[in-house]
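*Asks:* I'd like to ask you about the structure that follows.
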């Protein structure tokens, strides 16, 4: 693996971290109006994606999938439960473990979310292959940065 050359500039626009930050903010902003029509926020949408994919999932499983701490997830889940999209049930064998399940309303929301995905995909102006390549590059970058952070 080749190493990057020495840093030549400290200008904001040449920083990888800033490019990732602004792209993330732009992506979230693109989702916002579409998610407003579904009555959920972007972080709540991510939780719903996990549940649509996996079905009933412990809070710890959702946290692992989204790389969020339980303390961050709890308010999100509480709001989703208050809107009738999910239920939270303490496990009988382990009172500390809470299982999150979709309600019928939460399952029905999945079909409506396809329009959100199509809108955002179209807004990128990228082909499916370009999106897949970018996603793979970002996953690789995330893995490398995690490995570096663990040293």
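In the working numbering, the protein residues as written are 119 to 269.
Where a beta carbon is used, it is the ideal one built from N, C-alpha and C, also for glycine.
A quick note: this is a predicted structure, and the numbers were derived from the prediction, not measured.
1) To the nearest angstrom, how far is it from the Cα of residue 153 to the Cα of residue 163?
2) May I ask which residues mark the beginning and end of the alpha helix (DSSP H) holding residue 138?
3) When burial is assigned at 16 or more other CB atoms within 10 Å of the CB, is residue 139 buried or exposed?
4) Out of curiosity, what's the CA-to-CA distance linking residue 224 and residue 256?
5) Pick out whichever of 179, 211, 160 and 200 has its Cα sitting closest to the Cα of residue 142.
6) Comparing the CB of residue 177 with every heavy atom of the ligand HEM, is any distance shorter than 6 Å?
7) Note down, one range per segment and in chain order, each beta strand (DSSP E) of at least 3 residues found wholly within the stretch 158-220.
8) Measuring straight from C-alpha to C-alpha, what distance separates residue 157 and residue 222?
9) May I have the straight-line CA-CA distance separating residue 214 from residue 176, to the nearest angstrom?
10) Determine the burial state of residue 166: buried for a count of at least 16 other Cβ atoms within 10 Å of its Cβ, exposed for fewer.
11) Can you give me the Cβ contacts of residue 180 inside the same chain, cut-off strictly under 7 Å, excluding the 5 residues immediately before and after it?
12) Sort 171, 188, 262 and 144 by Cα distance to residue 216 and report the nearest one.
13) Since residue 194 and residue 227 should fall inside the 8 Å C-beta cutoff, what is the C-beta to C-beta distance between them, to a whole number of angstroms?
14) Per DSSP, what kind of secondary structure is residue 127 in: helix, strand or coil?
15) Grab the span of the alpha helix (DSSP H) containing residue 235 for me, first residue to last.
*Replies:* On the basis of the supplied data:
1) Looking at the two C-alpha atoms, the distance is approximately 8 Å.
2) Counting along the chain, residue 138 sits inside the alpha helix (DSSP H) bounded by residues 134-156.
3) Classification of residue 139: exposed, given that the 10 Å Cβ count is below 16.
4) About 29 Å.
5) Ranking the options by Cα distance to residue 142, first place goes to 160.
6) The ligand HEM is absent from the structure shown, which contains no ligand whatsoever.
7) Within the stretch 158-220, the complete beta strand (DSSP E) segments at least 3 residues long are 204-208 and 216-220, listed from N- to C-terminus.
8) About 16 Å.
9) Those two C-alpha atoms are separated by around 10 Å.
10) Using a 10 angstroms sphere on the CB of residue 166, the tally of other CB atoms reaches 16 or more, which defines it as buried.
11) The beta carbon of residue 180 lies closer than 7 Å to those of 165, 168, 191 and 218 in the same chain, with the five residues before and after it left out.
12) When the alpha-carbon of residue 216 is set against those of 171, 188, 262 and 144, the nearest one is in 188.
13) In this structure residue 194 does not touch residue 227 by the C-beta definition: roughly 15 Å separates them, more than the 8 Å allowed.
14) Note: residue 127 maps to coil in three-state DSSP.
15) 222-242 is the extent of the alpha helix (DSSP H) around residue 235.
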